[in-house]
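Protein chains in written order, with this note's numbering: chain A, 1 to 108; chain B, 1001 to 1117.
Below is one structure, written out as C-alpha cells, with a few remarks after it.
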C-alpha cells in the first residue's frame, strides 16, 4: 500500500526553529516534494529532494533519507506568516501522493 | 501571465444537481489533475490526465466525471451520485513525464469551494 505520515499539528514561537517530519511507504519513489498551503488557498511549492541529503533554500531546508523512508522540512527564524499547513508529497510514476499535511501555528 | 485559472471561486448548488467546475491552463502543460480537500485533510486525487483525450481515475473517482478535449482545459463534473460533494476542489498541472521529476512540480489553481445545500 501507499502511506505517508506527518504530524497533524505543531506550534512554535516567532523566531524559533521548527522541524516537520514525514515518513513514507510507497510502491515507487521518484522524489519528494514539500508544499505550503495557507488556509483557503492553493498549495505552493517549497522544495524537492530526490537524492539523500539536505537541500537549503533561504529559511527553509528539506532533508531526505531514502533508506529510512524519511524526510523533514526545517523552518528557521519563524515568522507569523509561516502559520500554514505543510504538505509532504511523494512522486510516483504519473502522480503525486500527498500526506494529510501538518498545520503549523506560529505564536508571537 | 501564465497560470491556472479555476472558476468560480465559490459555488453553491442544490442537492441532486450536477455541477461542472472549470480549469484552464496556459502553461502548455501536458498533465492535469483534480484534487478534493476536506477540512483538515490532505489532497485526494479524483482524476488525472496525461494527454489530450485520455484520463485515469484517481483514488476517489466515484461520483465524478472529466473530459480532456483540449490541452488547456480539464473540466470536472460533480454528479448527483457523489454522496458528499461539499469540499474545496483544486486543479493542478505539470509539464508531464515522471511525477517526481525535478521539473515536474505541480502548479495549482486557486481552487473552487463547492457547497451543496
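Idealized CB from N, CA, C, for every residue including glycine.
Within-7 Å CB hit, residue i to chain A
{"i": "residue 1041 of chain B", "result": "yes"}
{"i": "residue 1002 of chain B", "result": "no"}
{"i": "residue 1069 of chain B", "result": "no"}
{"i": "residue 1010 of chain B", "result": "no"}
{"i": "residue 1095 of chain B", "result": "no"}
{"i": "residue 1048 of chain B", "result": "yes"}
{"i": "residue 1105 of chain B", "result": "yes"}
{"i": "residue 1016 of chain B", "result": "no"}
{"i": "residue 1108 of chain B", "result": "yes"}
{"i": "residue 1111 of chain B", "result": "yes"}
C-alpha gap between residue i and residue j, whole angstroms
{"i": "residue 108 of chain A", "j": "residue 1048 of chain B", "result": "41 Å"}
{"i": "residue 65 of chain A", "j": "residue 32 of chain A", "result": "10 Å"}
{"i": "residue 111 of chain A", "j": "residue 3 of chain A", "result": "Past the boundaries of the shown model lies residue 111 of chain A; chain A is included only from 1 to 108, so the question cannot be answered."}
{"i": "residue 1086 of chain B", "j": "residue 1113 of chain B", "result": "8 Å"}
{"i": "residue 68 of chain A", "j": "residue 1008 of chain B", "result": "43 Å"}
{"i": "residue 1084 of chain B", "j": "residue 1106 of chain B", "result": "26 Å"}
{"i": "residue 1026 of chain B", "j": "residue 1071 of chain B", "result": "9 Å"}
{"i": "residue 87 of chain A", "j": "residue 1104 of chain B", "result": "16 Å"}
{"i": "residue 1005 of chain B", "j": "residue 1034 of chain B", "result": "13 Å"}
{"i": "residue 1028 of chain B", "j": "residue 39 of chain A", "result": "28 Å"}
{"i": "residue 47 of chain A", "j": "residue 85 of chain A", "result": "14 Å"}
{"i": "residue 52 of chain A", "j": "residue 60 of chain A", "result": "17 Å"}
{"i": "residue 1053 of chain B", "j": "residue 1031 of chain B", "result": "11 Å"}
{"i": "residue 102 of chain A", "j": "residue 1075 of chain B", "result": "29 Å"}
{"i": "residue 56 of chain A", "j": "residue 1117 of chain B", "result": "46 Å"}
{"i": "residue 8 of chain A", "j": "residue 20 of chain A", "result": "10 Å"}
Nearest residue (CA-CA) to residue i, options the options
{"i": "residue 50 of chain A", "options": "A/40, A/38, A/43 and A/34", "result": "A/34"}
{"i": "residue 1063 of chain B", "options": "B/1051, B/1090 and B/1016", "result": "B/1016"}
{"i": "residue 109 of chain A", "options": "B/1089, B/1037 and B/1094", "result": "With chain A covering only 1 through 108, there is no way to say anything about residue 109 of chain A."}
{"i": "residue 5 of chain A", "options": "A/72, A/47, A/53 and A/82", "result": "A/72"}
{"i": "residue 1065 of chain B", "options": "B/1078, B/1053 and B/1089", "result": "B/1078"}
{"i": "residue 23 of chain A", "options": "A/106, A/98 and A/103", "result": "A/98"}
{"i": "residue 1108 of chain B", "options": "B/1019, B/1117, B/1115 and B/1088", "result": "B/1088"}
{"i": "residue 106 of chain A", "options": "A/94, A/89 and A/83", "result": "A/83"}
Residue i - DSSP class collapsed to helix/strand/coil
{"i": "residue 1009 of chain B", "result": "coil"}
{"i": "residue 126 of chain A", "result": "Past the edges of chain A, shown from 1 to 108, lies residue 126 of chain A, and the structure says nothing about it."}
{"i": "residue 94 of chain A", "result": "coil"}
{"i": "residue 37 of chain A", "result": "strand"}
{"i": "residue 1018 of chain B", "result": "coil"}
{"i": "residue 1072 of chain B", "result": "coil"}
{"i": "residue 28 of chain A", "result": "coil"}
{"i": "residue 47 of chain A", "result": "strand"}
Residue-chain proximity (residue i, chain B), Cβ-Cβ < 7 Å
{"i": "residue 43 of chain A", "result": "yes"}
{"i": "residue 101 of chain A", "result": "yes"}
{"i": "residue 98 of chain A", "result": "yes"}
{"i": "residue 95 of chain A", "result": "yes"}
>> Between the segment 1045 to 1061 of chain B and the segment 70 to 82 of chain A, can you find at least three pairs of beta-carbon atoms closer than 8 Å?
In response: no
>> Assess contact between the segment 16 to 34 of chain A and the segment 1007 to 1015 of chain B, defined as three or more Cβ pairs (one per stretch) separated by less than 8 Å. Is contact present?
In response: no
> Is the segment 11 to 18 of chain A in contact with the segment 33 to 47 of chain A, if contact means three or more CB pairs nearer than 8 Å?
Replying inline: no
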